Amino acid sequence: MPTLRLPPDVEAVFRRFYTCEFTTLARDGRPVTWPIAPYYYAPAGQLVLATSIAFPVKAHNARRRPQVALLFSDPTGSGLTDPPAVLVQGMATVAEMIEPAPWALDLLRQTLARQPAGKQFLASRPARRLFTFYFQRLSITVQHQRIRIWPHGDFMHAPQDVEVAYVE
Amino acid sequence: MDVDGYPASVRCTVTLDDAAELIRLHAVPPVAADWRGPACLLFHRHDAHLEDQHQLMLRGELIADGATLVLRGGTFITATGRVDHDVLPHAGTPWQLLQFLRLGRRKARAYVAQRGAPWPPIRRDAGRVGGP
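Chains as they are written, first to last, in our numbering: chain W, 1 to 168; chain Y, 169 to 300.
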């Protein structure tokens with residue numbers, strides 16, 4: 001499986017940022033940007049987003065127009081000092097998560113580590129039954145086409161292009 | 169949107185021009201200096217435990233105004249559809265949980281109805297992943 005060769009500071013942003021700003025194109029071609037929790041699936045060099053079927057607009061948009069963008073610009077909670085801001089433009093693939101994906105368990109661990117309140121939620125059988133929609137999910141997998149960075153998160157300078165190199 | 173069809177975004181600083189009913193961008197990032205047309209502006213924040221989430225998106229037209237850009241007109245959207253606040257109800261308080269439950273169940277029913285078939289039983293090893 002080809003993986004993505006990345007500069008360490010960019011890979012750290014993918015692995016440690018809690019949220020990114022995900023942009024899709026609506027039916028009328030207008031951009032729609034919404035925050036989402038990203039997961040970096042390193043073995044395939046892909047960014048994975050998962051959303052409940054209760055909030056499917058971004059998935060509907062990405063299915064119709066797979067060109068999407070993810071901006072990593074808010075390091076809150078990441079623990080990173082002076083990270084770059086990173087813009088990823090890529091092609092999205094949307095799927096209903098009927099069968100467990102190879103990255104699902106790791107993403108679950110990541111989510112609970114970052115959002116501890118979720119542990120109580122998951123431990124409660126009544127909560128799991130009431131919030132069934134939270135477990136009915138769509139995955140959006142993004143294959144990178146272009147990566148641009150702004151060192152120090154300073155958008156007042158021109159971005160730098162990072163070579164997107166998938167290697168076996 | 170780039171010439172090759174990909175959307176793009178940057179972080180910027182804005183102010184609301186109440187009298188003119190538009191959003192004024194300050195110190196437009198050079199990469200966005202030529203951006204015009206349909207655009208959206210997202211305001212969001214969360215704390216270090218992914219709680220206290222606030223989300224608000226404005227949609228409109230990006231136009232030049234002298235040396236800067238403004239976002240004119242359009243609509244705004246919050247995570248819950250509420251117009252009086254931008255809080256995403258989550259696990260913060262019991263009241264927020266109840267709000268989130270009602271919202272999620274209603275919207276999930278709509279998705280399943282559109283799907284045309286019930287969602288298959290959830291496998292216990294499938295896990296719950298990511299945010300809303």
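Note that beta-carbon positions come from the ideal geometry of N, C-alpha and C, so glycine has one too.
Here the structure is a predicted model, which means the values were calculated and not measured.
Compare the beta carbon distance of F14 (chain W) and L49 (chain W) with 8 Å and say whether it is the shorter of the two.
Start at 1 with the first residue of the first sequence, and residue 14 (chain W) comes out as number 14. Start at 1 with the first residue of the first sequence, and residue 49 (chain W) comes out as number 49. For the pair F14 (chain W) and L49 (chain W), the CB atoms are not nearer than the 8 Å cut-off.
Please name the residue in Y:Y174, Y:H212, Y:R204, Y:R227 whose C-alpha comes closest to that of H253 (chain Y).
Within the second sequence, numbered from 1, the residue matching residue 253 (chain Y) stands at position 85. Residue Y:H212 holds the alpha-carbon nearest to the alpha-carbon of H253 (chain Y) among Y:Y174, Y:H212, Y:R204, Y:R227.
Got a sec: is the Cβ-Cβ distance from I53 (chain W) to anything in chain Y below 8 Å?
Position 53 of the first sequence, counting from 1, holds the residue named residue 53 (chain W). Closer than 8 Å to some Cβ of chain Y, the Cβ of I53 (chain W) qualifies, so yes.
With 9 Å as the limit, tell me which residues of the segment 63-75 of chain W have their beta carbon closer than that to any beta carbon of chain Y; keep them in chain order.
Listed in sequence order: R65, Q67, V68, A69, L70, L71, S73, D74.
Please return the same chain residues whose Cβ sits closer than 7 Å to the Cβ of D9 (chain W), not counting the five positions on each side in sequence.
Translated into the one-based positions of the first sequence, residue 9 (chain W) becomes position 9. The residues are P83, P84.
Within its chain, find whatever has a CB closer than 7 Å to the CB of P43 (chain W); leave out the 5 residues flanking it on each side and keep chain order.
Along the first sequence, one-based indexing puts residue 43 (chain W) at 43. Non-local C-beta neighbours of P43 (chain W) in its own chain, meaning closer than 7 Å and more than five positions away in sequence, comprise M1, T3, ordered along the chain.
Just to make sure I have the definition right: I need the residues of chain Y whose C-beta is within less than 9 Å of the C-beta of A85 (chain W). Which are they?
As a working note, residue 85 (chain W) is residue 85 in the first sequence. Those are V178, R179, listed as they occur along chain Y.
Answer with buried or exposed for T181 (chain Y), where buried requires no fewer than 16 other C-beta atoms within 10 angstroms of its C-beta.
The residue labelled residue 181 (chain Y) in the question sits at position 13 within the second sequence. With fewer than 16 Cβ atoms within 10 Å of its Cβ, T181 (chain Y) is classed as exposed.
Starting from P206 (chain Y), trace the beta strand (DSSP E) in both directions and tell me its first and last residue.
Against the second sequence, residue 206 (chain Y) aligns to sequence position 38. Looking at the DSSP string, the run of the beta strand (DSSP E) that includes P206 (chain Y) is 205-213.
Let's see if you can read the secondary structure: which residues bound the alpha helix (DSSP H) around D106 (chain W)?
Numbered from 1 along the first sequence, position 106 holds the residue referred to as residue 106 (chain W). Unbroken alpha helix (DSSP H) run through D106 (chain W): 104-114.
Whose C-alpha, out of Y:H217, Y:G242, Y:I231, Y:A232, is nearest the C-alpha of G79 (chain W)?
The residue you call residue 79 (chain W) lines up with position 79 of the first sequence. The shortest Cα separation from G79 (chain W) among Y:H217, Y:G242, Y:I231, Y:A232 belongs to Y:H217.
Taking 8 Å as the threshold (beta carbon to beta carbon), is M156 (chain W) in contact with chain Y?
On the first sequence, residue 156 (chain W) is found 156 positions in, with the first residue counted as 1. Closer than 8 Å to some Cβ of chain Y, the Cβ of M156 (chain W) qualifies, so yes.
Quick check on the DSSP output: the beta strand (DSSP E) that includes R240 (chain Y) runs from which residue to which?
For the purposes of this step, residue 240 (chain Y) is taken as the residue at position 72 of the second sequence. From DSSP, the beta strand (DSSP E) with R240 (chain Y) extends over 236-246.
R240 (chain Y) versus L224 (chain Y): straight-line alpha-carbon distance, rounded
For the purposes of this step, residue 240 (chain Y) is taken as the residue at position 72 of the second sequence. For the purposes of this step, residue 224 (chain Y) is taken as the residue at position 56 of the second sequence. The C-alpha of R240 (chain Y) lies about 16 Å from the C-alpha of L224 (chain Y).
Run through DSSP, which three-state label would H144 (chain W) get?
On the first sequence, residue 144 (chain W) is found 144 positions in, with the first residue counted as 1. Under the three-state reduction of DSSP, H144 (chain W) is assigned to strand.
Note down, in chain order, each residue of its chain lying with its Cβ closer than 6 Å to the Cβ of R16 (chain W), except the 5 sequence neighbours on either side.
Residue numbering aside, residue 16 (chain W) sits at position 16 when the first sequence is read from its first letter. Around R16 (chain W): S78, L80.
Which residues share a DSSP beta bridge with M225 (chain Y)?
What you label residue 225 (chain Y) is simply residue 57 of the second sequence in a count that begins at 1. In the DSSP assignment, M225 (chain Y) forms a beta bridge with Y:L210, Y:I245.
Exposure label - I98 (chain W); buried when at least 16 CB within 10 Å
The residue given as residue 98 (chain W) occupies position 98 in the first sequence. Exposed.
Distance between V86 (chain W) and F244 (chain Y) (C-alpha atoms, nearest Å):
For the purposes of this step, residue 244 (chain Y) is identified with residue 76 of the second sequence, where counting begins at 1. For the purposes of this step, residue 86 (chain W) is identified with residue 86 of the first sequence, where counting begins at 1. Distance between the alpha carbons of F244 (chain Y) and V86 (chain W): 26 Å.
Same chain, Cβ closer than 6 Å to T246 (chain Y), five either side skipped, listed in chain order
Counted from its first residue, the second sequence places residue 246 (chain Y) at position 78. By the criterion of a C-beta distance shorter than 6 Å, T246 (chain Y) is surrounded in its chain by L224, D254, once the five residues flanking it on both sides are discounted.
Could you compute how far the alpha carbon of T141 (chain W) sits from the alpha carbon of M156 (chain W)?
Walking along the first sequence from the start, residue 141 (chain W) turns up at place 141. Walking along the first sequence from the start, residue 156 (chain W) turns up at place 156. The alpha-carbon atoms of T141 (chain W) and M156 (chain W) are separated by roughly 30 Å.
Against I98 (chain W), what residues of chain Y qualify as contacts under a CB-to-CB distance less than 7 Å, listed in chain order?
Translated into the one-based positions of the first sequence, residue 98 (chain W) becomes position 98. Close partners of I98 (chain W) in chain Y (Cβ separation under 7 Å): P288.
Would you say P262 (chain Y) lies against chain W (beta-carbon separation less than 8 Å)?
For this step, residue 262 (chain Y) is matched to residue 94 along the second sequence. Closer than 8 Å: no.
Does the beta-carbon distance from A127 (chain W) to V94 (chain W) come in below 8 Å?
Counting from one through the first sequence, the residue named residue 127 (chain W) turns up at place 127. Counting from one through the first sequence, the residue named residue 94 (chain W) turns up at place 94. Cβ atoms of A127 (chain W) and V94 (chain W): not closer than 8 Å.
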